[in-house]
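Have a look at the structure below before the remarks.
In this note's numbering, the protein residues as written are 1050 to 1211.
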């Protein structure tokens, strides 16, 4: 992944799952940008990290990107999706980008119908307490880090899966 693409755009970047993946990729050195329908805590946090975030969707947002990551909540008529298709920019779902991240570490994915965020948070905290410094992407903000994502130096990646 790192050798083929450099600029990654997230449509729906303010979503909790999307913002976490965007943050980890940004910390890995990718040029990350994104757009969302509205401003939120997550968009403000990403901007504070140096990620370019557009409020509103427009074809101009994706004219210079290598790949587009789209939330499942994004309609195919979204102008960024339309531009991406017309210009043969690869469009990947959030789950696929998360899977790509997990290729580089020992992945622990937490799935289910109830308790995913709590269980994922606990798993990340246990690994952290064991001095294993995990990377994590969680569907909620951890009180200990103030974030829903972190690029750790350890061998593990803990993710909340759909």
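By construction, the Cβ of each residue, glycine as well, lies at the ideal position given by its N, Cα and C atoms.
None of these values were measured; they are calculated from a predicted model.
{"Asked": "Determine, using beta-carbon pairs with one atom in the region 1112–1123 and one in the region 1064–1079, whether at least three such pairs fall under 8 Å.", "Found": "yes"}
{"Asked": "Pick from 1203, 1084, 1197, 1211: whose alpha carbon is nearest that of residue 1129?", "Found": "1084"}
{"Asked": "Taking three-plus beta-carbon pairs below 8 Å as touching, is the region 1168–1180 in contact with the region 1203–1211?", "Found": "yes"}
{"Asked": "Report the CB separation of residue 1133 from residue 1118 in whole angstroms; it is logged as a contact under 8 Å.", "Found": "Contact doesn't hold; Cβ gap of about 10 Å is too wide."}
{"Asked": "Return helix, strand or coil for residue 1165, following the three-state DSSP convention.", "Found": "helix"}
{"Asked": "Under 8 Å, do residue 1071 and residue 1096 count as touching if we go by C-beta distance?", "Found": "no"}
{"Asked": "Please state the DSSP three-state secondary structure of residue 1125.", "Found": "coil"}
{"Asked": "Alpha carbon to alpha carbon, how far is residue 1087 from residue 1152? Give it in angstroms, no decimals.", "Found": "32 Å"}
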